[in-house]
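Numbering (the UniProt record's numbering), first residue to last: 1 to 277.
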């Protein structure tokens with residue numbers, strides 16, 4: 001959206017609005033029509049305040065729409081959902097939030113300059129009625145400069161809200177990555193256990209070059225049949241105990257690492273307690 005305001009020497013001001021949504025045009029006309037006889041003396045500030053007010057309302061809708069999407073993602077958070085979810089839409093939503101933070105920051109800077117033009121140290125003073133005692137009985141008109149300051153505060157609040165939404169969405173994305181990595185780690189752990197279970201038996205068979213199966217001719221039928229060696233028990237006698245010992249050692253080392261970590265944590269806690277006394 002782009003806006004160009006021309007202020008004439010007669011006090012009249014004309015504004016040109018480009019690339020505005022239809023709802024913006026409708027609401028802006030309604031605001032100007034409902035003002036009635038309560039128009040301020042400075043047309044330029046009135047137009048600025050009216051336009052900024054409608055822009056703030058659009059930003060309000062945009063920020064809360066993003067919030068609804070993020071809240072829906074948080075409510076649907078499950079382990080299965082993370083594993084089956086495509087994270088690309090989350091990155092697209094994060095891109096929109098980053099853009100929202102950018103335009104809110106730009107809007108805050110622009111309106112802050114507009115408000116700063118009417119501060120006491122700028123050389124320009126507000127000419128709107130103040131409602132002093134001399135004006136008793138006269139309805140006080142709205143001051144567009146005060147309204148600009150009000151819209152500025154709202155925009156700053158929306159900026160904080162957008163930053164919070166960005167942090168919440170990044171938290172969901174990071175959690176999704178962590179869950180997927182954890183799932184992959186569990187899969188690799190399962191592969192390692194299966195390898196440990198098969199490797200000892202393979203090692204025994206290879207080491208002793210054990211051939212327990214062969215083909216021989218049946219004396220009755222004359223056909224070739226598979227024959228199992230009578231010494232097949234030797235394979236099981238070595239493979240089964242070795243497999244059990246290997247898995248037991250692996251399990252012990254896993255729990256040993258956890259036990260050492262827990263012991264170190266208790267030791268650090270005890271040292272900290274002793275140092276505080």
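Note that CB positions come from ideal geometry on N, CA and C, so glycine has one too. As the structure is a prediction and not an experimental result, all values here were calculated from the model.
For residue i, three-class secondary structure by DSSP
i: residue 276; result: helix
i: residue 211; result: coil
i: residue 143; result: coil
i: residue 135; result: Here the model assigns residue 135 a pLDDT of 47, short of 50, so the residue's position is not dependable and the matter cannot be decided.
i: residue 224; result: strand
i: residue 113; result: helix
i: residue 258; result: helix
i: residue 187; result: helix
i: residue 9; result: coil
i: residue 163; result: helix
i: residue 217; result: strand
Length of the line joining the Cα atoms of residue i and residue j
i: residue 1; j: residue 92; result: 22 Å
i: residue 269; j: residue 261; result: 12 Å
i: residue 206; j: residue 200; result: 10 Å
i: residue 54; j: residue 69; result: 23 Å
i: residue 196; j: residue 211; result: 22 Å
i: residue 229; j: residue 254; result: 39 Å
i: residue 274; j: residue 180; result: 41 Å
i: residue 191; j: residue 213; result: 29 Å
i: residue 155; j: residue 177; result: 33 Å
i: residue 30; j: residue 184; result: 58 Å
i: residue 22; j: residue 28; result: 10 Å
Rounded distance between the beta-carbons of residue j and residue i, thought under 8 Å
i: residue 148; j: residue 52; result: 6 Å
i: residue 43; j: residue 12; result: 6 Å
i: residue 104; j: residue 159; result: 4 Å
Nearest residue (CA-CA) to residue i, options the options
i: residue 227; options: 233, 218, 235; result: 218
i: residue 107; options: 97, 151, 146, 144; result: 151
i: residue 97; options: 271, 216, 191, 67; result: 67
i: residue 46; options: 74, 32, 165; result: 32
i: residue 243; options: 175, 15, 4, 194; result: 194
Residue burial classification, residue i (beta-carbon count within 10 angstroms, cutoff 16)
i: residue 266; result: exposed
i: residue 89; result: exposed
i: residue 144; result: buried
i: residue 111; result: buried
i: residue 50; result: buried
i: residue 59; result: buried
i: residue 175; result: exposed
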